[in-house]
Structures are given as structure tokens and as C-alpha cells.
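One structure is given here, and the rest of the page talks about it.
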Amino acid sequence: GAGVSQSPSNKVTEKGKDVELRCDPISGHTALYWYRQRLGQGLEFLIYFQGNSAPDKSGLPSDRFSAERTGESVSTLTIQRTQQEDSAVYLCASSLDSSTFYGYTFGSGTRLTVV
Amino acid sequence: QKEVEQNSGPLSVPEGAIASLNCTYSDRVSQSFFWYRQYSGKSPELIMSIYSNGDKEDGRFTAQLNKASQYVSLLIRDSQPSDSATYLCAVNKGTGTASKLTFGTGTRLQVTL
Chain A
1 GAGVSQSPSN
11 KVTEKGKDVE
21 LRCDPISGHT
31 ALYWYRQRLG
41 QGLEFLIYFQ
51 GNSAPDKSGL
61 PSDRFSAERT
71 GESVSTLTIQ
81 RTQQEDSAVY
91 LCASSLDSST
101 FYGYTFGSGT
111 RLTVV
Chain B
116 QKEVEQNSGP
126 LSVPEGAIAS
136 LNCTYSDRVS
146 QSFFWYRQYS
156 GKSPELIMSI
166 YSNGDKEDGR
176 FTAQLNKASQ
186 YVSLLIRDSQ
196 PSDSATYLCA
206 VNKGTGTASK
216 LTFGTGTRLQ
226 VTL
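Chains as they are written, first to last, in my numbering: chain A, 1 to 115; chain B, 116 to 228.
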């Protein structure tokens, strides 16, 4: 597609429920990144994919968080047993590859609210 | 020490003036540097990248890099009210194909009429 597409744009869920967030990267971009941004705060790295492998999962906050990617396409970020502290905007970005010289293109994000 | 540090601001400049945004980073092996603009409620948008010491100009924007001082800056000439946003500095310190961007917390810029 022309840009990075994320869905849903907004999600309100009850504490304890599982949620799935979807990211569709720019066509041809092999690298895909997930970040989290809490209200008024900076971007917190979660995980990135090069192709369908995840070389760096160091930012996943707990084992309630997982992500997968099929081929060089769609990625889903799953949060199990959501907690109120999971409330944030989850941003997905893609890049031609994960070498050092490319910046990212971000999607518009999924705003997650856990009530 | 944070990996990427920015003054949170707000930095207030009058319309038409030069806005100067600064960023320092801690890891000397950092290889590439980016500036993103983020409007309130929106996602970050890439505006500049720089890889070598010196200046890089693109329209009203100039990025400056000094690797010896571990310092990168963004100058915005002829500032406009539409430039009012948070500016995020990002650093890529990876090597080869194992890398990610580390972001500063951003500097909020206000351009006043």
C-alpha cells in the first residue's frame, strides 16, 4: 500500500481481555517495528522484524505481549490479559530494511484504552 | 544517562525567526541520525536524516552533526506557526542489519504570531 496501515485506529477494552493490533507495512518494506507511546511520553521500542524473524524482542514489557509477522507482510501485536498500564498509542513503522541508513515511515497508530 | 537526550521545552520562537533544536546521544558507535516531527495526536513524520559530520540542508531545515561531541541539531529557518509541533531526535546505533531507532522524548516547539 501507499502507507503503513494500522487497525483498529481506536480500541477500548476491559481489563483482563486480550487484544490484537494489526499493522500492514508499505509494500516492499522488509523491516517492521512496533513502538508504544504513553500519553505525553516518548516512543518506547517493543520489537522489530526483518522479514518474518524477530531479531530484537528486547522491548516487550512482559510475557503478556507477543507479536508475529507472516512473510514480509502483515504483523499482529497481541496483548493478553490487558492491564490499565497498557493504555497507550501503539505505533507501527516500516523501512526498506533494518540497516542503519533508513528512517522509518510510521502508521497512524492504534489508541488502546484499557478500562 | 539516557541514550538520546533532548530538552523537553517548550521552545518558543516568533514567526520568521530561526528555531534551534538540540539533541545529544550517549553511544559513540551511533551511525545515523534522524529528526521526526510529531503534531499533537498524530504519528511521527520523518523530516531529516544525517549520517556524516557537518550540515545538511533541505528547504528551511538544516541538520547539523558533530560526532566528536555526540551532538545533533535541527535548525528551522523562517519559522511558521505550522512548524509548532514536537520534534523527536532518533539515533540508529546498530550495525549491519540488526538495528533499531532509539528516540529522545522530544522538544515541543511553539511558533508565536
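From the three backbone atoms N, C-alpha and C, an ideal C-beta is built for every residue, glycine too.
Predicted model, so just to flag it, every value in this text is computed and none were measured.
Using the rule of at least 16 other Cβ atoms within 10 Å of the residue's Cβ for burial, across every protein chain shown, is residue i buried or exposed?
| i | result |
| --- | --- |
| TYR154 of chain B | exposed |
| ALA2 of chain A | exposed |
| VAL115 of chain A | exposed |
| ARG143 of chain B | exposed |
| ILE133 of chain B | exposed |
| LYS117 of chain B | exposed |
| LYS316 of chain B | The first residue shown for chain B is 116 and the last is 228, placing residue 316 of chain B beyond what the model contains. |
| LYS238 of chain B | A question about residue 238 of chain B goes unanswered here, because the residues of chain B that appear run from 116 up to 228. |
| ARG192 of chain B | exposed |
| SER75 of chain A | buried |
| PHE101 of chain A | exposed |
Counting only beta-carbon atoms, is residue i nearer than 8 Å to chain A?
| i | result |
| --- | --- |
| LYS182 of chain B | no |
| TYR202 of chain B | no |
Between residue i and the rest of its own chain, which residues show a CB-CB distance below 8 Å, the 5 nearest in sequence each way excluded?
| i | result |
| --- | --- |
| THR105 of chain A | GLY3, VAL4, ILE26, HIS29, ALA93, SER94 and SER95 |
| VAL19 of chain A | LYS11, THR13, THR78, ILE79, THR82 and LEU112 |
Could you name the residues of chain A that residue i contacts, counting a contact when the two beta carbons are closer than 7 Å?
| i | result |
| --- | --- |
| GLY221 of chain B | GLY42 |
| SER158 of chain B | LEU91, PHE106, GLY107, SER108 and GLY109 |
Going along chain B, which residues have a C-beta under 8 Å from residue i?
| i | result |
| --- | --- |
| THR105 of chain A | LEU161 |
| TYR33 of chain A | LYS215 and LEU216 |
Measuring only between beta-carbons, confirm whether residue i sits less than 8 Å from chain B.
| i | result |
| --- | --- |
| PHE45 of chain A | yes |
| ASP24 of chain A | no |
| GLY109 of chain A | yes |
| SER98 of chain A | yes |
| GLY18 of chain A | According to the sequence displayed, residue 18 of chain A carries Asp and not Gly. With 8 Å as the cut-off, ASP18 of chain A does not count as an interface residue toward chain B. |
What in chain A is Cβ-close to residue i, meaning under 8 Å?
| i | result |
| --- | --- |
| SER188 of chain B | Correct list: empty, because the minimum Cβ distance to chain A is about 17 Å. |
Report all residues from its chain with a CB closer than 7 Å to the CB of residue i; omit the five preceding and five following residues, and keep chain order.
| i | result |
| --- | --- |
| LEU189 of chain B | LEU136, TRP150, MET163, PHE176, ALA178 and TYR202 |
| SER98 of chain A | ALA31, TYR48 and GLN50 |
| ASN168 of chain B | LEU180, ASN181 and LYS182 |
| ASP86 of chain A | ILE79, LEU112 and VAL114 |
| ALA200 of chain B | ARG152, GLN153, TYR154 and LEU224 |
| GLN120 of chain A | This structure does not reach residue 120 of chain A, given that chain A is present from 1 up to 115, and the question cannot be answered. |
So residue i contacts chain B; which residues on that side make the cut at Cβ distance below 7 Å?
| i | result |
| --- | --- |
| PHE126 of chain A | Residue coverage of chain A in this structure runs from 1 to 115, which leaves residue 126 of chain A outside it and unanswerable. |
Leaving out five residues before and five after residue i in sequence, what residues of the same chain have Cβ atoms less than 6 Å from its Cβ?
| i | result |
| --- | --- |
| LEU43 of chain A | TYR35 and GLN37 |
Does any residue of chain D bring its CB to less than 8 Å from the CB of residue i?
| i | result |
| --- | --- |
| SER27 of chain A | The chain inventory of the structure shown lacks chain D, comprising the protein chains A and B. |
For the region 164-178 of chain B, which residues have a beta carbon sitting closer than 9 Å to at least one beta carbon of chain A?
Listed in chain order, the positions of the region 164-178 of chain B with a beta carbon within less than 9 Å of a beta carbon of chain A are SER164 and TYR166.
Residues of the region 125-150 of chain B in Cβ contact with chain A at a cutoff of 7 Å, in chain order, please.
For the region 125-150 of chain B, which is checked against every Cβ of chain A, the residues closer than 7 Å are GLN146, SER147 and PHE149.
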